[in-house]
Amino acid sequence: MRRLRTHLAGALLSVLALSLTTTACGGSSDAASPTPAAASTKTADRVEPLDSTPRPRLPVTVRSADGREVTVEQAERVVPLSGSLSEIVFTLGLGDRVVARDVTATFEQAAALPVVTRGHDVSAESVLSLRPDLVIAESTTGPDEAMDQIRAAGVPILVVEGATGLDDVGPRIETVAEALGVPSAGEELTRRTEERVAAVAKSVPAEKDKPRVAFLYLRGSASVYLIGGKGSGATSLIEAAGAVDAGAESGLEKDFTAITSEALVKAAPDALLVMSKGLQSVGGVDGLVKIPGIAQTPAGMDRRIVSVEDGVLLNYGPRTDQVLASVVEQLYGEGGAR
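Numbers -24 to -1, 1 to 314, taken from mature numbering (1 follows the signal peptide of the UniProt record, and there is no 0), label the letters of the sequence shown in order.
Structural data, given as structure tokens:
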């Protein structure tokens, strides 16, 4: 979600002058099976670790996305500062080494861990109190003062480039795996994830006219209603589901733009992709279609809504196949919210 918040920052400032903190050794070959998880409208809130637990080979020196050379001496107490990064560490089979989480790491295996960061509100004191030997952060993690305080205490910080699409899944997994001293497990998990995503993509119905899907960011409590354009992070997911990103295709150059009747008419979406909490915040589908312009779109008239949990929708990590399967099922089946 931190990646999404970064995309939203400019749009929120221009629309409302408002700052929001929202709410992203190898095992056996059997684990690389391309069989996708069963599609459902609600993605199971668990991660699936590799069959074999890898043994880290450390120390290693890796290049961080912030340009620094980071040496990892040990990885017994790891703090990933986003839900997406936590998901990768746990799925690699090293979840027993994670000692804290970001508020967006809501999957079952991590839920009991102490929360040390909420979006950009990283608490250096809370992180350091857990005596970590490695902190893994997104390129948008902050504030800078907190990150500098953690570094000054001698704790190595690996910064991972944020994900914006399906092509980022493998590189992020392999970057984290290399820093943890388990590069073979990273390669295995990347292979498993990509094969599963490909298997789901093959199940997409061959439609003569591809459905047009608009990604909406909704926060009813703050009256924030945005439509995604180029760079929203949703385009590759929508396209993998055999659809067209209606916002980007209609010419919306910004990551996010305030929803207007004119923008919606031009986008003419057949379906709307939303986060589940965002949909709840506007009163569900009944509340969504009351937002000016929504009811006049094909999606609004058909009440064709695709809803996916906030914590996994744009993570582009090991559960991306489940997210894609859910989108496909709701888009083409009868399971979508109406």
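From the three backbone atoms N, C-alpha and C, an ideal C-beta is built for every residue, glycine too.
From this set, S62, V92, S40 and A219, which residue's C-alpha is nearest L249's C-alpha?
The sequence position of residue 249 within the sequence shown is 273, counting from 1. Checked all of S62, V92, S40 and A219; the closest Cα to L249 is A219.
What are the partner residues of F232, as DSSP defines its beta bridges?
The count along the sequence shown starts at 1 and reaches residue 232 at position 256. Beta-bridge pairing links F232 to G204.
What did DSSP end up calling D21 once you bin it into helix, strand or coil?
Position 45 of the sequence shown holds residue 21. Under the three-state reduction of DSSP output, D21 falls in the coil class, being neither helix nor strand.
With a threshold of 8 Å between beta carbons, is V131 in contact with chain C?
No chain C appears in this structure, which consists of one protein chain only.
Among G309, A275 and K253, the one whose alpha carbon lies nearest that of G287:
The residue labelled residue 287 in the question sits at position 311 within the sequence shown. Taking only the C-alpha atoms, the option nearest G287 is K253.
Whose CA, out of V131, I64, A122 and R195, lies closest to the CA of P108?
Numbered from its first residue, the sequence shown carries residue 108 at position 132. For the set V131, I64, A122 and R195, the Cα lying nearest the Cα of P108 is the one of V131.
Alpha-carbon spacing of R295 relative to E285, whole angstroms:
The residue you call residue 295 lines up with position 319 of the sequence shown. The residue you call residue 285 lines up with position 309 of the sequence shown. Looking at the two C-alpha atoms, the distance is approximately 12 Å.
Per DSSP, which one or two residues make a beta bridge with R188?
As a working note, residue 188 is residue 212 in the sequence shown. Paired residue(s): V220.
Counting beta carbon pairs with one atom in the segment 118 to 130 and one in the segment 98 to 108, are three or more of them shorter than 8 Å?
yes
For G157 versus R53, is the C-beta spacing smaller than 8 Å?
Along the sequence shown, read from residue 1 onward, the residue named residue 157 stands at position 181. Along the sequence shown, read from residue 1 onward, the residue named residue 53 stands at position 77. Cβ distance not < 8 Å, so G157 and R53 don't count as in contact.
Expressed to the nearest angstrom, what Euclidean distance is found between the alpha-carbon atoms of A271 and E238?
The residue labelled residue 271 in the question sits at position 295 within the sequence shown. The residue labelled residue 238 in the question sits at position 262 within the sequence shown. Roughly 13 Å between the two C-alpha positions.
Where DSSP assigns a beta bridge to L34, which residues make up the other side?
Locating residue 34 in the sequence shown gives position 58, where the first residue counts as 1. Looking at the DSSP assignment, L34 forms no beta bridge with any residue, so it has no partner.
Between A88, V136, L26 and R94, which lies nearest to V111 when the distance is taken from Cα to Cα?
On the sequence shown, position 135 is the one that residue 111 refers to. Nearest of A88, V136, L26 and R94 to V111, Cα basis: V136.
Euclidean distance between Cα positions of S9 and R172:
Taking the sequence shown and counting its residues from 1, one reaches residue 9 at position 33. Taking the sequence shown and counting its residues from 1, one reaches residue 172 at position 196. Any reading at S9 needs caution, since the residue's pLDDT is 36, under 50, leaving its predicted position unreliable; the model's value is listed next. If you take the alpha carbons of S9 and R172, they lie about 7 Å apart.
contact_flag[the segment 197 to 213, the segment 174 to 184] where n(CB pairs < 8 Å) is 3 or more:
no
Under 8 Å Cβ to Cβ from L142, same chain only, skipping five residues before and after it: list those, please.
Residue 142 sits at position 166 when you count from the first residue of the sequence shown. Cβ neighbours of L142 beyond the five flanking positions: V173, S212, L213, A216, Y292 and T296.
Answer yes if the segment 62 to 69 comes into contact with the segment 144 to 158, meaning at least three C-beta pairs across the two stretches below 8 Å, and no otherwise.
By the Cβ rule, the segment 144 to 158 counts as touching the segment 62 to 69, because three or more pairs are nearer than 8 Å.
If you check the beta carbons only, do residue 319 and E163 fall under 8 Å apart?
Summary: the structure shown does not reach residue 319, with the chain confined to residues -24 through 314, and so no result is reported for it.
Just checking my contact of S197 with S257 at CB under 8 Å: how many whole Å lie between their CB atoms?
Along the sequence shown, read from residue 1 onward, the residue named residue 197 stands at position 221. Along the sequence shown, read from residue 1 onward, the residue named residue 257 stands at position 281. Between S257 and S197 the Cβ distance is about 6 Å, and since that is below 8 Å, they are a contact.
Where the alpha helix (DSSP H) through R127 begins and ends
Reading the sequence shown from its first residue, position 151 is the one you call residue 127. Where R127 is concerned, the enclosing alpha helix (DSSP H) stretches over D120 to A128.
What residue does the alpha helix (DSSP H) around E171 start on, and which one ends it?
Along the sequence shown, read from residue 1 onward, the residue named residue 171 stands at position 195. Where E171 is concerned, the enclosing alpha helix (DSSP H) stretches over P159 to K178.
Cβ distance (whole Å) where I281 is taken to contact V261 below 8 Å:
For the purposes of this step, residue 281 is identified with residue 305 of the sequence shown, where counting begins at 1. For the purposes of this step, residue 261 is identified with residue 285 of the sequence shown, where counting begins at 1. The Cβ separation is near 6 Å, so the contact holds.
If you follow the beta strand (DSSP E) that T93 is in, where does it begin and where does it stop?
Mapped onto the sequence shown, residue 93 falls at position 117. Note, T93: beta strand (DSSP E), V91 to R94.
Residues bridged to M258 by DSSP?
Counting from one through the sequence shown, the residue named residue 258 turns up at place 282. A small fix is needed here, since residue 258 is Val in this sequence, not Met. Note: V258 sits in no beta bridge, so no partner.
With a CB to CB cut of under 6 Å and the five nearest residues on each side skipped, what residues in its chain are close to D21?
Against the sequence shown, residue 21 aligns to sequence position 45. Closer than 6 Å at the Cβ level, and outside the excluded window around D21, lie F83 and E84.
Spell out the partners DSSP gives R195 in its beta bridges.
Residue mapping note: residue 195 aligns to position 219 of the sequence shown, counting from 1. R195 pairs with V200.
For P159 and V23, what's the separation of their Cα atoms in angstroms?
By 1-based counting over the sequence shown, the position of residue 159 is 183. By 1-based counting over the sequence shown, the position of residue 23 is 47. Computed Cα separation, rounded: 19 Å.
Report yes if the CB atom of G204 is closer than 8 Å to the CB atom of D246, and no otherwise.
On the sequence shown, position 228 is the one that residue 204 refers to. On the sequence shown, position 270 is the one that residue 246 refers to. No; because the gap between Cβ atoms is not below 8 Å, this pair is not in contact.
Could you tell me which residues DSSP pairs with A210 in its beta bridges?
Within the sequence shown, the letter at position 234 stands for residue 210. DSSP lists no partner for A210.
Closest by CA to L106, which one among E114, R94, I126 and S115?
Along the sequence shown, read from residue 1 onward, the residue named residue 106 stands at position 130. Looking at the Cα atoms, I126 is the closest of the given residues.
Are the beta-carbon atoms of P30 and G69 separated by less than 8 Å?
Working through the sequence shown from its first residue, we reach residue 30 at position 54. Working through the sequence shown from its first residue, we reach residue 69 at position 93. A contact, by the Cβ cut-off of 8 Å.
Taking L240 as the reference, give the member of V265, G259 and L255 with the closest Cα.
Walking along the sequence shown from the start, residue 240 turns up at place 264. Ranking the options by Cα distance to L240, first place goes to V265.
Could you have a look at A(-14) and say whether DSSP puts it in helix, strand or coil?
Here residue -14 refers to the residue found at position 11 when the sequence shown is read from its first residue. Annotation note: pLDDT 37 at A(-14) (below 50); position unreliable, coordinate value reported separately. In this structure, A(-14) counts as helix in the three-state DSSP scheme.
Ordered along the chain, which non-local residues of its own chain (more than five positions away) have a Cβ less than 6 Å from that of G59?
Counting from 1 along the sequence shown, the entry for residue 59 is found at position 83. For G59, where only same-chain residues beyond five positions count, the Cβ hits under 6 Å are D78, T80, A81 and G287.
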